[in-house]
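Report on the following structure.
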Amino acid sequence: MIYLLLSILASSVIFLVFKLFDLFKINTFQAIVVNYAIACAAGIIGYAKPINLIDLPNYSWFGGTVFLGFLFILIFNLMAITTQRSGLSVVSVSTKMSVVIPIAFGLLYYNENAGLLKISGIILALIAVYLVSVKDNTSKLVSKNELLFPILVFLGSGIIDTTIKYLETSYVEQDDISLFSAVIFLTAFVIGISILIFKVLRQNEKIKFKNLVGGLALGIPNYYSIYFLVKALRNPQLESSVVFTLNNVGILICAVLLGILFFREKLSRKNWLGFFLALISIICIAIVKS
1 MIYLLLSILA
11 SSVIFLVFKL
21 FDLFKINTFQ
31 AIVVNYAIAC
41 AAGIIGYAKP
51 INLIDLPNYS
61 WFGGTVFLGF
71 LFILIFNLMA
81 ITTQRSGLSV
91 VSVSTKMSVV
101 IPIAFGLLYY
111 NENAGLLKIS
121 GIILALIAVY
131 LVSVKDNTSK
141 LVSKNELLFP
151 ILVFLGSGII
161 DTTIKYLETS
171 YVEQDDISLF
181 SAVIFLTAFV
191 IGISILIFKV
201 LRQNEKIKFK
211 NLVGGLALGI
221 PNYYSIYFLV
231 KALRNPQLES
241 SVVFTLNNVG
251 ILICAVLLGI
261 LFFREKLSRK
271 NWLGFFLALI
281 SIICIAIVKS
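In full-length UniProt numbering, the protein residues as written are 1 to 290.
Printed below as a string of structure tokens:
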């Protein structure tokens, strides 16, 4: 359980850093690219064994990490497009509701327990995520022509979590978790830096020092959010459907509290209802595990 709590904490710090990006006008894409390099370095430092780059393709999970790294960059850009077309709330809901995909995968593929109390907790968690994510001041509706990008964000985010679970269960050895995480970020960095170089050379985009600092601040918690999530998924006492539900709802609650404490964000009645439903969902799932 401690690894799950640490993953929630690391992911909540990511939320805080992204909020600070807005405050200091940091170029998000540049910071994201630097963040992948820092996260990769953190994984390499945390790996106890010698690393031979030539041997990396020989690991059974290598192809999966390349796929995940590609998805990291792709979904980030899709989220940016969706934000521009449909608004931040649509992106938030699409991303958070995608937790239903790894939950369903755990229940169906791994035949995890699906008791009434557990299912009730998961359903309450999904309702809570929706209620907290949607803001009352979101007046813009999503047209049928704009549904494609939110759907792609939903599917992509869910596939990322599901793939991590599958690779962790089937291929990743306990001692290789740090290297596994590092290679995911390495792939994302290689793709990201290629795009950034194109922007610098063809679009005359300027790289600013503050964006590099932002990437440094983001990279460490980003790495540990994945690392601790994988460690939590390896806990034989926690089913993946429970881990993903508690992780998602835990991040949601921490994000709400951080927003209130540090940024004086206001919650509507709908948001507060979602907040308390999230707490109830955690209690339901905790009772199942006790």
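C-beta atoms are modelled at their ideal positions from N, C-alpha and C, and glycine is treated no differently.
Original post:
Should V132 be labelled buried (16 or more other beta-carbon atoms within 10 Å of its own) or exposed?
Top reply: With 16 or more other Cβ atoms within 10 Å, it is buried.
**OP:** Return the chain-ordered ranges of every alpha helix (DSSP H) run that is complete within the UniProt domain "EamA" (158 to 286) and spans a minimum of 4 residues.
**Re:** Counting only runs of 4+ residues, the alpha helix (DSSP H) found wholly inside the UniProt domain "EamA" (158 to 286) occupies 177 to 202, 209 to 233 and 240 to 263, in chain order.
Original post:
Counting pairs of Cβ atoms below 8 Å between the region 183 to 203 and the region 118 to 130, do you hit three or more?
Top reply: Contact fails: fewer than three Cβ-Cβ distances are below 8 Å.
**OP:** Return yes when the Cβ of D175 is within less than 8 Å of the Cβ of A48, no when it is not.
**Re:** Remark: C-beta atoms of A48 and D175 approach each other more closely than 8 Å.
**OP:** Taking 8 Å as the cut-off, decide whether the C-beta atoms of L212 and V34 are in contact.
**Re:** Closer than 8 Å, so yes.
Original post:
Sorted by chain position, which residues of the same chain lie with C-beta nearer than 8 Å to F262's C-beta, five sequence neighbours on each side aside?
Top reply: Non-local C-beta neighbours of F262 in its own chain, meaning closer than 8 Å and more than five positions away in sequence, comprise L16 and K19, ordered along the chain.
Original post:
Between A31 and P221, is the Cβ-Cβ spacing less than 8 Å?
Top reply: Not a contact, by the Cβ cut-off of 8 Å.
Original post:
Near T162, which residues of its chain fall below 8 Å by C-beta distance, leaving aside the five closest residues on each side in sequence?
Top reply: Closer than 8 Å at Cβ, skipping near neighbours: I101, P102 and F105.
**OP:** Could you check the C-alpha separation between G250 and A125 for me, to the nearest Å?
**Re:** Those two C-alpha atoms are separated by around 10 Å.
Original post:
Should I45 be labelled buried (16 or more other beta-carbon atoms within 10 Å of its own) or exposed?
Top reply: That one is exposed.
**OP:** Give me the Cα-Cα distance between W61 and V190, rounded to the nearest whole angstrom.
**Re:** Counting only the Cα atoms, V190 lies some 18 Å from W61.
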